[in-house]
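Asks: In this note's numbering, the protein residues as written are 19 to 117.
All C-beta atoms, glycine included, are put in the ideal place defined by N, C-alpha and C.
Since this is a predicted model, take the numbers as computed values, not measurements.
(1) What residue range is occupied by the uninterrupted alpha helix (DSSP H) comprising residue 116?
(2) Quick test of the definition: if touching needs 3 or more C-beta pairs under 8 Å, does the segment 34-47 touch the segment 67-80?
(3) Please return the same chain residues whose Cβ sits closer than 8 Å to the Cβ of residue 82, not counting the five positions on each side in sequence.
(4) Quick one: what's got a C-beta closer than 7 Å to residue 75's C-beta in the same chain, skipping five residues either side?
(5) State buried or exposed for residue 99, treating a residue as buried only when at least 16 other CB atoms are found within 10 Å of its CB.
(6) Measure the alpha-carbon distance for residue 86 versus residue 101 and round it to whole angstroms.
(7) Measuring CB to CB, does residue 58 end up less than 7 Å from residue 105?
(8) Identify, in the order they occur along the chain, each residue of the same chain with its Cβ nearer than 8 Å to the Cβ of residue 55, setting aside the five sequence neighbours on each side.
Now the structure itself:
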């Protein structure tokens, strides 16, 4: 009985650690995607946080594009679609919010 409780606690700790690592990895990949999209769109460097935000939102846009065209949104295809989505986001922001 005690062993079962300990294994449940270990599973919960591992789930939290896995969640934390996945979140950290998403932020890092989002920053990389935002950086690449910023270079492709020739925008000024905005820093790590802004690149991460652009990359994460762009990844969501890329996921919608993948869903619309019935494409896989994982692996290299997902990475490329995330960059395309981030470029689209930068384009739309520049189009509607720049003076």
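Replies: On the basis of the coordinates in this document:
(1) Neither: residue 116 is in no alpha helix (DSSP H) and is coded neither H nor E.
(2) yes
(3) 103
(4) 107
(5) buried
(6) 16 Å
(7) yes
(8) 72, 73, 76, 101, 104, 105, 107, 108
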